[in-house]
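Working notes for the structure below.
Protein chains in written order, with my numbering: chain A, 43 to 311; chain B, 6 to 296; chain C, 4 to 302.
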């Protein structure tokens, strides 16, 4: 029993620290954007910043969780033969283009107070949005990682086996060899998550408090709102911000993956 | 932190010297600390692939400190034989014995320990997409426990680091200056030499070479053959599969002739080449065997 | 790779320090009620911006933050039926009545009204400018087959539009009648671009007046137009007997606030483009029993 408590405490600590680290990262990002260009907005900067925060919070966490889930799945599907493997691969490929509104409806059904997860009080919260984006991003990340991992020649795995690598060693090796493809997968998943509007609208409700601070309003749902109200200029500005963020994240990821060209791993790891 | 250091000391303790009295320790512990001081033996081994027989009635042993050449035409199963020796596949009949014990009757963990005492070089270099230094170091890296691995990751990311063992092995193949180069930028010959150093880095007791020089020019071939001699003088048991008769004559102590999945002759190099017992051997050596 | 190692250490450090400031909760509120109330309403109501003013005042008084979700009439009521919201504010009396009849909604109050207007381009091909009958205007539009853009989304506005059609002698349908399935803003834009006619709530029209070339051709009752264009708003609370997790007391406090003199003043003083948008009806000396029951209900 003590072991269970310890594990729970450790798990909670890890999650809490990661969330705080992410919050810190996002604050950094926001401040970077503030310093980067003081453009005149036809609205409060608090409004925009809180919307950016919610967009990033939801999508980054969803993609992070999805990566932890998807890469092992991609490895298992790539290297193990099991009954129904063809079906699973088809499902992954189909899932990549799954309509976001459909996923949103499904998750809404789950978290509604009438639904199976109703007791957790998740409806119209950022956490529910993370859930639906997890579902949307995972097929993308899994599918692209899968094809990239399967393209690693078998002889590379054989070399690691011959040198006495355990299953885990070989798995890590493959991930490192396929790192460029995997990073592409993560960036693609992030792009899908941060750009989608259907599921976060249905599941989150596009809520902002009276002073404009976003509660579940993301860049995409805000654009939808402003466009609906006919405020196209505002919508366009938000659109530009969204595209800039996507480009910025792309840039960071590609910088990390750039090492493929110079052939560097992390030393010692 | 204290939990981690407790785990760490427990793992470190495992590698401390244990009494060499065979009866008092488990086979695993014995293996970990004593070398396989005898040999690897294949006893009456059969192997099938997709229900087609590949190898039949194989009796072979590889001793430490010797070079055994396995010769035969392409496609007779030399590669498969080596793969059986490095425990890639289970055998369909017979035993694969290390120090007298059949490996396939041991636990997964014990087999891993044995596998870690063997090195292999393939026909193609199969280097990882990283620097020469990182490639050669791989074998050393995976033998550390996880605590050490995470430590080195953090520490070495901040400072550069050259592992002296890596440099030492690269010197054997004459490439110690290239340790920082990316593996993609090497020539074919250089890459294969790095692959050789990579297999030697963790000081295996047996080295299996699958036609290591068939894609190389004479100069690189000579460097590799010199490295083979050096390894042999350190007491490593080497099996080299080759279709180059001259290479076999140059480096081997013993020769096994593999035709059609069966060993038709095995013995000292001199005897096999000059006084072959089997007529097929003689025909093969003289290039008269037509497939 | 060195940068990555440093970066991870740096970010962890920043994350730790962020622990102190980033509470997420508004720490200026009194500790008694740091609750939230979920309200669902229509897009046109939400887009007027009235709720922001109301909710700010409510939060200052009660310390409860109101999360308003703009969903469209049908969805707003459906969400409440599922127990995912606690208060609904809509303007579709028939649907509200069903809501009450099904026992999901209780304690309905009339809140306020505004009106609808029929808008179109200054060309006015159907010649409806200044008519004081909405049904007649629709008949003329149908007769001249002038383009009419409908909400087509089961919203309050759409319900009203269908009402007028059914009261009139004309039938909507055919090439000239377009169901767009969008919110009021985009509909007005589309109407503007095509030089067509549409039925709009005055509030949205006023807020977009600067950006489009449409004019009010048929006025609503606020400007002495026909009664049929009246647009009354109701507020209903979700029955705690049906969904026992709803914060009924807080929901009732919200309704109480809105239907009090304070709420009355906020609604009355709310303007868009310097024009009053809503006319509060809740505070009244004269009894208004119809607000509590479905329209045709009799004792």
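Each residue gets a CB set at the ideal place from its N, CA and C atoms; glycine is no exception.
Cutoff 8 Å; reference residue i; Cβ partners in own chain excluding five residues on either side
i, result
"residue 105/C", "84"
"residue 139/B", "133"
"residue 162/C", "76, 95, 97, 98"
"residue 175/B", "137, 141, 181, 183, 184, 199, 202"
"residue 224/B", "194"
Closer than 7 Å: residue i CB and nearest the ligand SAH heavy atom
i, result
"residue 288/A", "Summarising the ligand content, the structure contains no ligands, and the ligand SAH is consequently not present."
is_contact[residue i, chain A] using C-beta, thresh 8 Å
i, result
"residue 52/B", "no"
"residue 94/C", "no"
"residue 180/B", "no"
"residue 23/B", "For residue 23/B, the predicted structure reports a pLDDT of 37, less than 50, and the residue's modelled location is therefore unreliable. A value from the coordinates is still provided. Not one chain A Cβ lies under 8 Å of residue 23/B."
"residue 131/B", "yes"
"residue 123/C", "no"
"residue 117/B", "yes"
"residue 189/C", "yes"
"residue 68/C", "yes"
"residue 120/B", "yes"
"residue 50/C", "yes"
"residue 143/B", "yes"
"residue 72/C", "yes"
"residue 134/B", "yes"
Proximity test, Cβ basis, 8 Å: residue i and chain C
i, result
"residue 295/A", "no"
"residue 281/A", "no"
"residue 265/A", "no"
"residue 287/A", "no"
"residue 259/A", "no"
"residue 271/A", "yes"
Sequence-distant residues of its chain with Cβ nearer than 7 Å to residue i (five each side left out)
i, result
"residue 38/C", "67, 250, 253"
"residue 234/A", "178, 179, 182"
"residue 93/A", "256, 259, 260, 261, 264"
"residue 157/A", "151"
"residue 281/B", "270, 287, 290"
Rounded separation between residue i and residue j - CA only
i, j, result
"residue 109/A", "residue 209/A", "20 Å"
"residue 261/C", "residue 54/C", "10 Å"
"residue 180/C", "residue 119/A", "53 Å"
"residue 60/B", "residue 107/B", "18 Å"
"residue 199/A", "residue 63/B", "27 Å"
"residue 67/B", "residue 126/B", "16 Å"
"residue 179/B", "residue 191/B", "14 Å"
"residue 250/B", "residue 117/A", "42 Å"
"residue 32/C", "residue 58/C", "Residue confidence for residue 32/C is low, a pLDDT of 48 falling below 50, so the modelled location carries little weight; the figure read from the coordinates is stated next. About 14 Å."
"residue 89/A", "residue 254/A", "5 Å"
"residue 27/B", "residue 209/B", "Note that residue 27/B scores 40 on pLDDT, short of 50, meaning its location in the model is unreliable; the coordinates nonetheless yield the value given after this. Whole-angstrom Cα-Cα distance: 22 Å."
"residue 187/C", "residue 47/C", "7 Å"
"residue 285/C", "residue 211/C", "28 Å"
"residue 29/B", "residue 115/B", "Residue placement at residue 29/B cannot be trusted, given a pLDDT of 44 that sits under 50; what the coordinates show is reported in the next sentence. Whole-angstrom Cα-Cα distance: 17 Å."
"residue 217/A", "residue 71/C", "45 Å"
"residue 188/B", "residue 147/A", "50 Å"
"residue 56/B", "residue 50/B", "15 Å"
"residue 221/C", "residue 173/C", "17 Å"
6 Å CB neighbourhood of residue i in its chain, flanking five on each side removed
i, result
"residue 241/B", "212"
"residue 219/C", "120, 122"
Interface flag, residue i vs chain B, CB-CB below 8 Å
i, result
"residue 308/A", "Any reading at residue 308/A must be qualified, since the residue scores a pLDDT of 46, below 50, and its modelled position is unreliable; the value itself is stated next. With 8 Å as the cut-off, residue 308/A counts as an interface residue toward chain B."
Ranges of the beta strand (DSSP E) found wholly within the segment 212-236 of chain C, counting only runs of at least 3 = The segment 212-236 of chain C contains these whole beta strand (DSSP E) runs: 218-221.
Which residue spans inside the segment 224-273 of chain B form an unbroken beta strand (DSSP E) run of at least 3?
-> Runs of the beta strand (DSSP E) lying entirely within the segment 224-273 of chain B and spanning at least 3 residues, in chain order: 242-247, 259-264, 267-273.
Of all the residues that make up the segment 146-170 of chain A, which are near chain C by a beta-carbon distance shorter than 7 Å?
-> Residues passing the 7 Å Cβ filter: 154, 155, 156, 165, 166.
Chain-ordered residues of the segment 220-253 of chain A with a beta carbon less than 7 Å from chain B | Here the close residues number zero.
At which residue ranges does the segment 186-235 of chain A contain complete alpha helix (DSSP H) runs of 4 or more residues, listed in the order of the chain?
-> Those alpha helix (DSSP H) runs which fall completely within the segment 186-235 of chain A and span 4+ residues are 196-204, 209-219.
Of all the residues that make up the segment 183-215 of chain A, which are near chain B by a beta-carbon distance shorter than 8 Å?
-> Correct list: 195, 197, 198, 200, 201, 202, 203, 204, 205, 206, 207, 208, 211, 215.
Select from the segment 81-105 of chain B all residues with a C-beta closer than 8 Å to any C-beta belonging to chain A, and list them in chain order.
-> For the segment 81-105 of chain B, which is checked against every Cβ of chain A, the residues closer than 8 Å are 91, 93.
Fully enclosed by the segment 84-142 of chain B, which alpha helix (DSSP H) runs are 4 residues long or longer?
-> The segment 84-142 of chain B contains these whole alpha helix (DSSP H) runs: 113-120.
Where the segment 244-264 of chain C meets chain A: residues whose CB sits under 8 Å from a CB there | Answer set for the segment 244-264 of chain C: 246, 248.
Pull out every residue of the segment 197-219 of chain C whose Cβ sits closer than 7 Å to any Cβ of chain A, in chain order.
-> In summary, the residues of the segment 197-219 of chain C whose CB is separated from some CB of chain A by less than 7 Å are 211, 214, in the order they occur in the chain.
Those runs of the beta strand (DSSP E) which lie wholly inside the segment 162-216 of chain C and span at least 3 residues | Every beta strand (DSSP E) of 3 residues or more that sits fully in the segment 162-216 of chain C is shown, in chain order, as 180-182, 200-204.
The segment 112-142 of chain A: positions lying closer than 9 Å to chain C by Cβ = In summary, no residue of the segment 112-142 of chain A has a CB separated from any CB of chain C by less than 9 Å.
When Cβ atoms are compared, which residues of the segment 160-194 of chain C fall closer than 9 Å to chain A?
-> Per Cβ criterion, the list reads 185, 186, 187, 188, 189, 191, 192.
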